[in-house]
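First the structure, in the form of structure tokens, and then the observations on it.
Chains as they are written, first to last, in our numbering: chain X, 249 to 474; chain G, 41 to 284; chain Z, 64 to 120.
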């Protein structure tokens with residue numbers, strides 16, 4: 249029986265979410281890593297909370313970046329290992345559609361979760377509650393962009409030995425603008441000035457990647473799967 | 041009529057052409073760089089603001105240009121190979137990468153040494169410097185990705201895709217001084233209209249640009265011969281080419 | 064430009080000359096590295112041809 253594109257998309261999305269929730273420990277690990285890394289900075293630097301607040305945007309964003317990178321490995325790897333990825337490529341549906349579904353599911357369980365946990369981290373770093381909305385918005389845009397950049401990187405490195413390190417090497421330079429604008433947005437929110445500029449930049453980067461990255465990630469997968 | 045174009049895609053022709061062109065590139069590069077150095081170091085008058093430190097421009101700006109040109113040509117060559125399956129493109133991309141990366145390092149370090157007396161700091165996290173540093177990381181990523189694959193053909197294709205993705209950084213580097221309040225000086229030469237520099241300073245600089253481009257051509261031809269041989273080891277034409 | 068002024072570069076010598084020295088090094092490295100790469104590729108090709116010929120002989 250042939251399946252329509254929308255139904256195929258929903259099926260893949262459901263499958264990914266179902267598989268993710270079947271292993272709750274795998275879901276929690278990046279979040280725990282996020283929390284641990286953010287506590288490393290205050291412990292290591294031993295600062296007053298008010299001084300910590302100055303560093304908070306940068307620390308928050310570096311930690312978010314690193315924990316997102318950790319979880320990127322799972323995007324294609326397990327499917328590549330058991331041959332499902334090839335089946336998905338051959339099944340007759342648009343591979344791009346499947347990639348979008350997989351990446352969206354991945355973002356929902358990693359990036360979106362990170363955004364929800366970020367107020368806890370914000371409190372730990374001394375970020376005032378009034379800045380939380382901007383902080384979470386910037387993280388939402390940034391993690392989505394990062395999921396897409398990671399999809400390209402993961403597509404290129406799946407199946408390589410020690411692909412994780414190479415994945416980080418590929419994704420981090422592309423993610424640096426995210427860090428700059430995300431930290432700037434959070435910083436402006438803390439100092440109660442308008443965060444519109446950096447947020448617009450983040451949104452622009454997000455739109456750019458969401459529109460172009462699916463094709464790049466699909467091309468990457470085709471190269472790897474050939 | 042288009043045979044010269046088809047020959048560009050043919051490995052034995054490229055190998056032979058690269059070998060023939062290398063000495064021409066090398067000699068003209070030496071002449072252009074020689075004139076640029078003498079003109080820039082000896083005959084150009086000192087800048088009224090920066091004194092003799094401005095002479096760093098004669099290596100810093102051409103190498104920065106080459107870093108961008110190198111990445112762009114690497115990405116374009118990879119794209120041609122990926123889209124139209126013209127395999128020689130992969131060889132060109134692989135050959136250009138280390139050259140461009142070395143110029144990026146040169147641009148960053150000479151810029152840093154120039155920044156110390158002029159801005160008071162060896163480094164600043166301003167948009168142009170940061171994006172140029174990102175360019176270096178992108179070069180490293182492309183080169184590492186290519187070598188990480190056991191199948192060289194797959195490595196070539198993956199590296200080509202990554203090169204294209206990273207191409208977005210190049211206009212950011214170039215326009216960063218326009219879009220943001222940057223510490224780095226705005227464009228004086230690489231813009232349309234009359235350059236804002238006096239002739240005795242400008243001509244050696246243009247000569248250095250030309251010299252670096254010709255040098256890049258010479259080294260590219262050498263590396264390209266190596267890359268073509270590595271990819272075409274089994275082909276028949278190789279026998280005559282290397283015993284010649 | 065006086066001979067003295069040339070070497071001292073108006074006091075900026077310790078910034079200017081390392082730049083030019085590094086530029087010379089980078090150019091030299093490029094030539095050396097490319098030449099080495101090409102020679103290694105030639106050797107490998109020669110060896111591959113010899114093995115192919117040796118296999119048939």
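Note that CB positions come from ideal geometry on N, CA and C, so glycine has one too.
The model shown is predicted, which means the values in this text are computed figures rather than measured ones.
{"Query": "Per-residue burial, residue 280 of chain G [other beta carbons within 10 Å of its own, 16 or more giving buried]", "Result": "exposed"}
{"Query": "Members of the region 449 to 468 of chain X near chain G, C-beta cut-off 7 angstroms", "Result": "464, 467, 468"}
{"Query": "C-beta atoms of residue 386 of chain X and residue 328 of chain X nearer than 7 angstroms", "Result": "no"}
{"Query": "Extent of the continuous alpha helix (DSSP H) to which residue 252 of chain G belongs", "Result": "239 to 271"}
{"Query": "CB-CB length for residue 351 of chain X against residue 416 of chain X, believed under 8 angstroms", "Result": "Contact doesn't hold; Cβ gap of about 18 angstroms is too wide."}
{"Query": "Through-space distance from residue 283 of chain G to residue 73 of chain Z, alpha-carbon basis", "Result": "54 angstroms"}
{"Query": "Residue of Z/68, Z/79, Z/101 minimising C-alpha distance to residue 94 of chain G", "Result": "Z/79"}
{"Query": "Contiguous alpha helix (DSSP H) assignments of at least 4 residues, all confined to the region 288 to 347 of chain X", "Result": "297 to 320, 325 to 329, 332 to 338"}
{"Query": "Per-residue burial, residue 48 of chain G [other beta carbons within 10 Å of its own, 16 or more giving buried]", "Result": "exposed"}
{"Query": "Element boundaries [alpha helix (DSSP H), containing residue 416 of chain X]", "Result": "411 to 438"}
{"Query": "Range covered by the alpha helix (DSSP H) that runs through residue 73 of chain Z", "Result": "Counting along the chain, residue 73 of chain Z falls outside any alpha helix (DSSP H), and DSSP gives it neither H nor E."}
{"Query": "Whole-angstrom distance between residue 398 of chain X and residue 272 of chain G, CA atom to CA atom", "Result": "34 angstroms"}
{"Query": "Touch test, the region 105 to 115 of chain G against the region 449 to 461 of chain X, Cβ-Cβ under 8 angstroms, three pairs minimum", "Result": "no"}
{"Query": "DSSP-derived helix/strand/coil call for residue 407 of chain X", "Result": "coil"}
{"Query": "Per DSSP, the bridge partner or partners of residue 91 of chain G", "Result": "G/87"}
{"Query": "Other residues of its chain near residue 232 of chain G: CB distance less than 7 angstroms, five sequence neighbours each side excluded", "Result": "Because the pLDDT of residue 232 of chain G is 49, which lies under 50, any placement of that residue in the model is unreliable, and the question is left without a value."}
{"Query": "At least three beta-carbon pairs within less than 8 angstroms, the region 347 to 367 of chain X to the region 433 to 442 of chain X", "Result": "no"}
{"Query": "contact_flag[the region 80 to 98 of chain G, the region 120 to 131 of chain G] where n(CB pairs < 8 angstroms) is 3 or more", "Result": "no"}
{"Query": "Terminal residues of the alpha helix (DSSP H) in which residue 258 of chain X lies", "Result": "253 to 270"}
{"Query": "N- and C-terminal bounds of the alpha helix (DSSP H) containing residue 470 of chain X", "Result": "444 to 473"}
{"Query": "Exposed unless 16 or more other CB atoms sit within 10 angstroms - verdict on residue 348 of chain X", "Result": "buried"}
{"Query": "Nearest residue (CA-CA) to residue 444 of chain X, options X/414, X/383, X/313", "Result": "X/383"}
{"Query": "Residues of its chain near residue 97 of chain G, where Cβ-Cβ distance is below 7 angstroms and the 5 sequence neighbours each way are ignored", "Result": "245"}
{"Query": "Proximal residues of chain G, C-beta to C-beta of residue 303 of chain X below 8 angstroms", "Result": "Within 8 angstroms Cβ-Cβ: nothing; residue 303 of chain X doesn't reach chain G, min ~15 angstroms."}
{"Query": "Contact set between residue 122 of chain Z and chain G, taken where Cβ atoms lie within less than 9 angstroms", "Result": "Because chain Z spans 64 through 120 in this model, residue 122 of chain Z falls outside it and cannot be assessed."}
{"Query": "Cβ contact (3+ pairs, closer than 8 angstroms) linking the region 171 to 183 of chain G and the region 412 to 430 of chain X", "Result": "yes"}
{"Query": "Chain G contact for residue 471 of chain X (CB, 7 angstroms cutoff)", "Result": "yes"}
{"Query": "Proximal residues to residue 333 of chain X (C-beta, below 8 angstroms), its chain only, five neighbours per side dropped", "Result": "324, 327, 406, 469, 473"}
{"Query": "Any C-beta of chain X under 7 angstroms from that of residue 197 of chain G", "Result": "yes"}
{"Query": "Residue 73 of chain Z at chain G interface by Cβ criterion, 7 angstroms", "Result": "yes"}
{"Query": "Nearest-angstrom Cα separation, counted from residue 249 of chain G out to residue 55 of chain G", "Result": "26 angstroms"}
{"Query": "Interface residues of chain Z facing residue 269 of chain G [CB-CB closer than 7 angstroms]", "Result": "104, 105, 108"}
{"Query": "Rounded C-alpha distance that separates residue 181 of chain G from residue 205 of chain G", "Result": "11 angstroms"}
{"Query": "Residue 410 of chain X versus residue 404 of chain X - alpha carbon distance", "Result": "13 angstroms"}
{"Query": "Neighbourhood of residue 368 of chain X by C-beta, 8 angstroms cutoff - its chain only, sequence neighbours within 5 removed", "Result": "283"}
{"Query": "Distance CB(residue 85 of chain Z)-CB(residue 149 of chain G) smaller than 7 angstroms", "Result": "yes"}
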